[in-house]
Each structure stands twice: as C-alpha cells, then as structure tokens.
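Student: Below are the structure tokens for one structure; questions will follow.
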Amino acid sequence: MLERIREGSQGTVAKVILGAVILSFALAGVGSYLGQPAESNAAIVNGERISNQALEGAVRNERDRLKQQFGDNFDRVAANPAFMEQVRASVLDRLITEVLLDQLVIDSELTVGDDQVRQAIREIPSFQVDGQFSNDRYMAIINAQGYTAASFREFMRSDMSRRQLVTGVLDSEFVLPGELTREQSLLSQSRSIRYWTVDVEALSKDVIPTEEQVQAYYDANQFAFNQPEMVSVEFIELNAAKLSEKSSISDEDVEAYYNTNIELYRTSEERRASHILLANDEDGQATAKKIEAELAAGADFAALAEEYSADTFSSQKGGDLDWFARGVMGDEFDAAVFALEKEGAVSGEVVTPFGLHIIKLTGLRPSVAKPLSEVATEIKEDLIRNDGLEQYYQLQEEVTNLAFEIPDSLNELASQTGLVVQSSDLFSRNAAPTLLADDRVQAAIFSDEVLRDGLNSDPIEIGEGHLMVVRLKEHQPSHIKPLDEVRSDVALAVAAEVGTAEANVKADQMIATLKSGEQLIVDADAPVQVQTEADFSRNSVALNPAVRDRAFAMVKPAEGQSTYDKVVGRGFVSVIALDEVKTDTADVADSALEQRLQQQATQHAYVELVNTLRASAEIEYPKLVVEQQ
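Now the structure itself:
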C-alpha cells in the first residue's frame, strides 16, 4: 500500500477532488491536538487528543466561512441551536478524520521537504498581491490566525503530507476501458417510440360523484384538507439603519471629527528588516559570534543569511522579511527592530521563542496622517451610522420598559417613541413574511406569552441595532377544514380518481390489443392523443419527462418487434410502444465522461479509506460520556 501511495501522490485528478476534501481547514487555526487534560477533550483518537479548544476554534472558523457564504441569512439559521449542533458535529468529524490521516502519514513514513512547503505557501492566492507573493500580506494573515511563520510552515507540512497520502490512494483508482465504453453506450443511446395519451380530465369532466363517494374520499384523505395554524401579528420595529436615514451630518461635522481624531487616520510606522535565525543553543550562540565578527569585517548580510539562517523561507531572499508594523513579528523582535534608528543598522543577538536572531534594518516608513479628502466619505458614513446607533440605544431602553409596563398593547409604546405599529396578514409558521421569518421572531410569536397569554413579546434582537416587539393580532388553530368548505375540491378529486381508473382500464386494453398483433384503431372522438418521437436521448426535452423516463426503463425489443408499457402521470395515462433502440458505437473517447467516472471512483476510494481507518480506530468522546453519567 505504501508503494501505491508514493507512486500516485503526484496525480492530477485526485488533487482536483482533494481541493474541497482535505484543505477545508487551511488557515483555520485548528491548533494543537496534544497536551490537553482529559476533561477538556472533545475526542480521543487512538490515544491522540482533540481538545475542546481546538474544536471551538474550528467551529468559529466554520461559522465565519458560512457567514461569509450566506450573509445575513446565516444569522437567522444559526439562531437554531439544533443547526449549530449539526455544524459542531460535522467539524468534529472532520477533525477526527484529519487525526486519522495524520497517524497514517506517520505510519507510512511520508515526508514533505522545506522547498515544497515554501513553494506551496508562495502559490496560495490569499498571500499574493497583483499575482505576486507578498511577505507583508502573508505575515498579516497568518498572525491574525494565531500562527507564526514557523508554526504555519509546520501546519502546511502536515496538511501537504495528508494530501500526499490521500492523493496516492486516489490516483491508484482508474476506469477500465470496458466501463468507459459501457457508460458511453448507455449515455449515447437513443430510442424511438409511439405513444397514446389518454386524457384523464376529459374522462373526469362528466363524472358526478355520489355523496357517499365524496364522504368516503374526505374521510380517507383528511390530511389533504388540513389548515395549518395561522397567526397575524402587530409589531414595532426599531432599526438603527432606518433611524440613520434621517441623520444630517455636515462637512463641518466631518472636518471637526477628523481634527479631533486624526490619530485614527495615521498610517502605522513600518520597518523593513532582514534577519538571520539560529538555534538558541551553544552552537547557535557560537555561530552568532562568528557572524557578528564577519559583519564587523564588512561581510554582506544577505550572503550570511543565505549561508547560516535556519529560516529557509527568508534565507533565500537574503533574510528579507519585507515591510511590517508593530505587533506582527512578536514583542522581542519588534522591540529590537524599532530600537534601530538608521537604515543599515544591525542589532545584537535577539532571543525570541523561535531562536536567536541577528537583525538588520533595511527601511523606515514613518507614520503619516491620511489627508481629509481621502477619508471624508468614510468619516461621514461612520458618523451617520453612529448617529443612528445613538438614537437606537436612546430608544432601546424606553421600548423595553414600555413593552413590559403596558403588556397588552403597542399603541402607547408607539405614541411615546414615535415608532409605527405595523401589522401582518395571516400566515403559518412555514410561510411568514420576510421581516417576521427570523427564527428568533418566530420563537417569540409562537411562545406561550404571546400566543396563549396575548402579551407583548420581550424585545427581540435580530441583529446589531435592530430589534422588534410583537404581539398577537389573530390566531387560528390548526384544524381539518369541514367538508362543506372543501366539497367542490373533494368532488374534483373523486372525479379525477374515477377518470384515472377508467384511463388505466383503457390503457390496459390498448396494450392487450398491441401485444396481440392487431392494429390499434382510435376513434376520432376518443380522449386519446397519438404521437411519435424518433431517436430521442435521455436528456430530451421534446416529450413529457415521465414518458421519456419510462421509455428508457423499458426492455429493448427484438429486431423488428416492439415492447409495450404504460405510465401514469398527473392528469394522463400513456401507453408506450418502444420500437427501436440505437447505440452510438463510434469509438470516440469522451474525456469529460472519463474524468467524471474517475472522480466518482476516487471519491468512493476516499470514503472507503476513511471508513476503514474509522473502523479500526479507537475513538472516545469524553464529553458525551460525562453528560450521559
């Protein structure tokens, strides 16, 4: 198996699939699985711990990803605890899979070299500006995720090792020529049919159901006449965004704010530096002394960095770390760099958690204030938004108090706050107006306090600077509509049943006639339409999908003969005579089909790999055990 993994690790098809499968946690800040006390573990996989801290970090990142993908709609869905529990379970499942793959990587003795890691980092689009790798952007992003350059390289090394492992397994999958030919044959197949469609509506229109038939149908199908619980509500909405629409912010206000808060609009002081990283041990300290002596003698710093630095990423560029502001490189490193006053100055030995550094200052960018013209629009938007929020917070307490003090009406609340009482039409739980469809609003509307007791709801916060208070206007409990209310609908349904039954009988008679070899003659006034369709494909839109799909499910007829079947659709019954099946036997390779079959095979192989690892693994969930006890 190991040989198969290594041979296949560079394949292309598997890498395409793995983009979504394996790298879902890239830049996710998963953190360390190890070294956590037992009570803080989310799971233990073959003795290796996944901490609750790691799980919570991964859940936060998944939540951020979903928020970015679905926008404001996510907040409404995320308010449902059951949904977030599903997210948490899914994330934990993915973490367990990663641990199992990491363990298999170790057992398989797979490694990824420094050059491979460095090149992979440079190719990540998030770290590029105008298509070129930016060390500034790289450091800013990974630091924001809680990584240092060294820890992120190790994260990437681990991730790439997993990919190497899994791509090796997946690339060992292939599609046999016979499989491809058979699939091509099925997909390229065309069929020719004659079909007779019996019009159910025509047979039903003269049916007059008896009272007994109507009552029997109603009794047997009462679920079809269920009226769901319906409510209508009154509500008051307090929205900072709407309040801000009335804000009046002048240019003078903008300028005054700029002058008072000019420090907010200063660029950060930046430094550019190069460094040589050494191990902080006796050998490293001895090497540092040697380097310092060579620098004092006029040696080139960049050349020494390439020769001695343990930072394989920056050493290839003479130790260059590009531009950075305070807080990016760590306290000890920052202190040393920002203490250097002139370009070209070199620090003494600087100790950080990553080792021993010798640092050279190669550039300075002082802090400067952006001109008012550059930030005026931003300031005005902020002032308008803040004015709306200020009005919102001033009214929020008053709305809360009045909703509680006068619990059986919203009119006084509206009168004292200047807000407007709005009302809705009747709606069910699953068909609420957009403004009332938020899960938190729905929970309040259908709570005992509002629905049973008729009280105002507590203020419902549905976003920053946005709340509502609702109260019941009308309530209609769920009920089965009485027969008299739905009698006409029931009569139509009974007539349709009778018509469908008659159409089925006619269809069976027609099939019997066709199978006997007799000619099928349809009267001109019969509710039957005769049609033919030649050489249509599985994806044809030229005929009813129900007829098309049944035709492709029928047995291929013998040469010169036909096979027969029927299909019951909505408002019709069709008799089908399958006359001919053609297969495109041209030996033409379909690369798209081959790739699709390859993807299906590799996806199946990945699932099988993970299932095999799980089946043989010992996986514990300490938190679940504690809760059950």
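In our numbering, the protein residues as written are 55 to 683. Note that CB positions come from ideal geometry on N, CA and C, so glycine has one too.
Measure the CB-CB distance between D493 and A133 and report whether it falls below 8 Å.
Tutor: In this structure, A133 lies closer than 8 Å to D493 by Cβ.
Student: Checking the sheet assignment: what are the DSSP bridge partners for H529?
Tutor: H529 is bridged to V285.
Student: Reducing DSSP to helix, strand and coil, say where M608 ends up.
Tutor: Of the three classes helix, strand and coil, the one that applies to M608 here is coil, per DSSP.
Student: Contact between the stretch 309 to 329 and the stretch 369 to 378 is defined here as three or more beta-carbon pairs at a separation below 8 Å; is this criterion met?
Tutor: A contact exists between the stretch 309 to 329 and the stretch 369 to 378.
Student: Throw me the rounded Cβ distance for the I412 and A342 pair, which I believe falls under 8 Å.
Tutor: Rounded, the Cβ-Cβ distance is 6 Å, consistent with contact.
Student: Taking all protein chains shown into account, decide if T488 is buried (16 or more other Cβ within 10 angstroms of its Cβ) or exposed.
Tutor: The residue in question, T488, is exposed, as its Cβ has fewer than 16 Cβ neighbours within 10 Å.
Student: DSSP beta-bridge partners for K300?
Tutor: Bridge partners of K300: none, in fact.
Student: Taking the alpha carbon of S304 as the point to measure from, which residue in N593, I438, V495 has its own alpha carbon closest?
Tutor: Of the candidates N593, I438, V495, the one whose C-alpha sits nearest the C-alpha of S304 is I438.
Student: Which value, in whole angstroms, describes the spacing of the CA atoms of L149 and P407?
Tutor: Cα-Cα distance, rounded: 28 Å.
Student: For I575, which three-state DSSP category applies?
Tutor: Reduced to three states, the DSSP call for I575 is coil.
Student: Name the residue from L164, L120, T165 whose alpha carbon lies nearest to the alpha carbon of V145.
Tutor: Nearest of L164, L120, T165 to V145, Cα basis: L120.
Student: Excluding the 5 residues flanking I196 on each side, which residues of the same chain have their C-beta closer than 6 Å to its C-beta?
Tutor: The answer, listed in chain order, is F206.
Student: Starting from the Cα of A270, find the closest Cα among E466, K396, L537 and give me that residue.
Tutor: It is L537.
Student: What does a CB cutoff of less than 7 Å around D129 pick up in its chain, not counting 5 residues either side in sequence?
Tutor: For D129, where only same-chain residues beyond five positions count, the Cβ hits under 7 Å are G517.
Student: Rounded to the nearest angstrom, what separates G625 and N293 at their Cα positions?
Tutor: Each residue's Cα considered, the two are about 50 Å apart.
Student: Taking the straight line between their C-alpha atoms, what separation do you get for E572 and E283?
Tutor: Whole-angstrom Cα-Cα distance: 57 Å.
Student: Measure the alpha-carbon distance for A485 versus N465 and round it to whole angstroms.
Tutor: Using only the alpha carbons, I get a separation of about 26 Å.
Student: Who are I630's beta bridge partners in DSSP?
Tutor: DSSP output for I630 lists Y249, D619 as bridge partner(s).
Student: For Q615 and M138, I'd like the C-alpha separation in whole angstroms.
Tutor: So the alpha carbons of these two residues sit roughly 59 Å apart.
Student: So which of R191, D156, R248 has the shortest CA-CA distance to R216?
Tutor: Here the closest residue by C-alpha is D156.
Student: What is the DSSP secondary structure of F408, reduced to helix, strand or coil?
Tutor: Residue state, collapsed to three classes: coil.
Student: With a Cβ-Cβ cutoff of 8 Å, do V285 and I499 count as a contact?
Tutor: Yes; because the gap between Cβ atoms is below 8 Å, this pair is in contact.
Student: With a threshold of 6 Å on Cβ separation, who are the neighbours of S532 within its own chain once the five nearest residues in sequence on each side are excluded?
Tutor: Correct list, in chain order: P282, E283.
Student: Is the distance from the Cβ of S298 to the Cβ of G442 below 8 Å?
Tutor: A contact, by the Cβ cut-off of 8 Å.
Student: Can you tell me whether DSSP reads Q157 as helix, strand or coil?
Tutor: Q157: helix per DSSP, three-state reduction.
Student: Just to confirm the assignment: which complete alpha helix (DSSP H) runs, minimum length 4, are found wholly within the stretch 121 to 188?
Tutor: Within the stretch 121 to 188, the complete alpha helix (DSSP H) runs of at least 4 residues are 126 to 132, 135 to 162, 168 to 176.
Student: Once you ignore the five residues that flank T251 on each side, which residues in its own chain have a CB closer than 6 Å to its CB?
Tutor: Correct list, in chain order: Q583, F626, S628.
Student: May I have the straight-line CA-CA distance separating A580 from Q657, to the nearest angstrom?
Tutor: Each residue's alpha carbon lies about 53 Å from the other.
Student: At the level of alpha carbons, what is the spacing between N598 and Y249?
Tutor: Those two C-alpha atoms are separated by around 11 Å.
Student: Alpha carbon to alpha carbon, how far is E45 from Y192?
Tutor: Residue 45 falls outside the range modelled here, since the chain spans only 55 to 683, and no answer is possible.
Student: List the endpoints of the continuous alpha helix (DSSP H) containing E397.
Tutor: No alpha helix (DSSP H) contains E397, which DSSP labels as neither H nor E.
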